[in-house]
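Novice: Numbering of the sequence shown is given in this note's numbering, commencing with residue 125 and proceeding in unit increments.
Beta carbons: idealized from backbone N, C-alpha and C, even for Gly.
What you are looking at is a predicted structure, and each value in this text was computed from that prediction instead of being measured.
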Amino acid sequence: MPEAHQRPRASLTEPLAAWAAAIVVAAGLFWLGRAADFVQRNMQGVIACMFLVGPYLATRVSKRPFDERAAGLYVGSVGRGARTLGLALAVTWPAFIVGFFLYYGAACGDHRAALGGLCSRWHGAGGVNWHLPDGFLLLALSQLLVVAVPEEVFFRGYLLARFEERFPSRRQLWGAAVGWPLVITSALFAAGHFLVDLQPGRLAVFFPALAFGWMRSRSGSVAPGAVFHALCNLLSEVLHESYF
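Right under this line is the structure:
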């Protein structure tokens, strides 16, 4: 195609500015919440609202078109979503559970002091006391509606779509288009978690973010990834509650 007829490359200013503003607000609320109980109690709800309305505010300010359906901001095919969710669970959960035991087995053995009092409650893989966290149903709803859905709308809906406009994905992995947008969005997801509370371990969310983005691309909707996101958080809660 002659250069004169090529479409101009989509700007990254709007999505990067929206991401930076969201992280600044989230970090401010986190640190303010350490001194103010009212802020601490309402922080998650405010951040959730910010992630939900942020894409619409950003596109309104920039006056740049944004196709919500192309960004996956709808439920989509239930059957395709269920198959995508099932595949993600089958591939990732066994690895996550094995990694849980390997990590705490090593950390609470050779590096017990690094985790402080947490290791004093670790009794190894055989020391399980299976039970759900208190208020599990409320926790599940919170993980889905306050954590997973807002984050998926912002990161895998809005940001992933914007980066696809600039760097279209051309490779396929198990029925999903993958490329730089998936990597960049996952890196911003991990960096955002770290910059809020400055805990290096938060950078590990880069890896589940790859799965969330793959699910968005394969299913065409953020819905399966949001359910998977919430289920992963709940699995972590149940494992920690049962083994510590």
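For Trp298, does the count of other Cβ atoms within 10 angstroms reach 16, so buried, or fall short, so exposed?
Specialist: Exposed.
Novice: Any Cβ of chain C within less than 8 Å of the Cβ of Ser360?
Specialist: The question asks about chain C, but that chain is absent: this structure has only one protein chain.
Novice: Does the Cβ of Ser135 have 16 or more other Cβ atoms within 10 Å, making it buried, or fewer, making it exposed?
Specialist: The residue in question, Ser135, is exposed, as its Cβ has fewer than 16 Cβ neighbours within 10 Å.
Novice: Considering only C-alpha positions, which residue in the set Met174, Tyr198, Leu153, Arg158 is nearest to Met167?
Specialist: Out of Met174, Tyr198, Leu153, Arg158, Leu153 has the C-alpha closest to the C-alpha of Met167.
Novice: From Gly250 to Val351, what distance separates their C-alpha atoms?
Specialist: Cα-Cα distance, rounded: 30 Å.
Novice: In whole angstroms, what separates the C-alpha of Gln296 from that of Glu288?
Specialist: Computed Cα separation, rounded: 14 Å.
Novice: Give me the Cα-Cα distance between Met174 and Gly196, rounded to the nearest whole angstrom.
Specialist: C-alpha separation (whole angstroms): 18 Å.
Novice: Could you give the distance in angstroms between the alpha-carbon of Gly303 and the alpha-carbon of Asp258?
Specialist: Their Cα atoms are separated by approximately 41 Å.
Novice: Which partner residues does Leu297 have in the DSSP bridge list?
Specialist: Ala300, per the DSSP bridge assignment.
Novice: With a threshold of 7 Å on Cβ separation, who are the neighbours of Arg340 within its own chain once the five nearest residues in sequence on each side are excluded?
Specialist: Gly196, Arg280, Leu284, Val346, Gly349.
Novice: Quick check on His247: buried or exposed, where buried means 16 or more other Cβ atoms within 10 Å of its Cβ?
Specialist: It counts as exposed.
Novice: Counting only the same chain and skipping the five closest in sequence on each side, list residues whose C-beta sits under 7 Å from that of His129.
Specialist: With a pLDDT of only 49 at His129, under 50, the local geometry of the prediction cannot be trusted, and no value is derived from it.
Novice: Looking only at its chain, what residues have a beta carbon closer than 7 Å to the beta carbon of Gln267, apart from the 5 residues adjacent to it on each side?
Specialist: Closer than 7 Å at the Cβ level, and outside the excluded window around Gln267, lie Ala354, Asn357, Leu358.
Novice: What span of residues does the alpha helix (DSSP H) with Pro292 cover, start to end?
Specialist: It is not in any alpha helix (DSSP H) - Pro292 carries neither H nor E in the DSSP assignment.
Novice: In or out: His317 buried (at least 16 other Cβ within 10 Å) or exposed?
Specialist: Counting Cβ neighbours within 10 Å, His317 comes out buried, since at least 16 surround it.
Novice: Look up Trp254 in the DSSP assignment and say whether it is helix, strand or coil.
Specialist: Three-state DSSP puts Trp254 in coil, outside helix and strand.
Novice: Under 8 Å between the Cβ atoms of Pro179 and Phe336?
Specialist: No, they are not a contact pair.
Novice: With contact counted as at least three CB pairs below 8 Å, one residue from each stretch, are the stretch 194 to 214 and the stretch 308 to 322 in contact?
Specialist: Because the criterion of three Cβ pairs below 8 Å is not met, the stretch 194 to 214 and the stretch 308 to 322 do not touch.
Novice: Expressed to the nearest angstrom, what Euclidean distance is found between the alpha-carbon atoms of Ala150 and Arg290?
Specialist: Distance between the alpha carbons of Ala150 and Arg290 is about 26 Å.
Novice: Does the distance from the CB of Val362 to the CB of Leu256 come in under 8 Å?
Specialist: Yes, Cβ-Cβ distance for Val362 and Leu256 is below 8 Å.
Novice: Might you give, ordered along the chain, the residues of its own chain that have their beta carbon closer than 6 Å to the beta carbon of Leu312, omitting 5 neighbours on each side?
Specialist: Trp143.
Novice: Taking the alpha carbon of Leu140 as the point to measure from, which residue in Tyr367, Pro305, Ser360 has its own alpha carbon closest?
Specialist: For the residues Tyr367, Pro305, Ser360, the minimum Cα distance to Leu140 belongs to Pro305.
Novice: Helix, strand or coil for Glu275, going by three-state DSSP, please let me know.
Specialist: The answer is helix: DSSP assigns Glu275 an H, G or I state.
Novice: Are the Cβ atoms of Ser360 and Leu334 separated by less than 8 Å?
Specialist: Not a contact, by the Cβ cut-off of 8 Å.
Novice: Taking the C-alpha atoms as reference points, what is the distance between Arg294 and Val329?
Specialist: If you take the alpha carbons of Arg294 and Val329, they lie about 24 Å apart.
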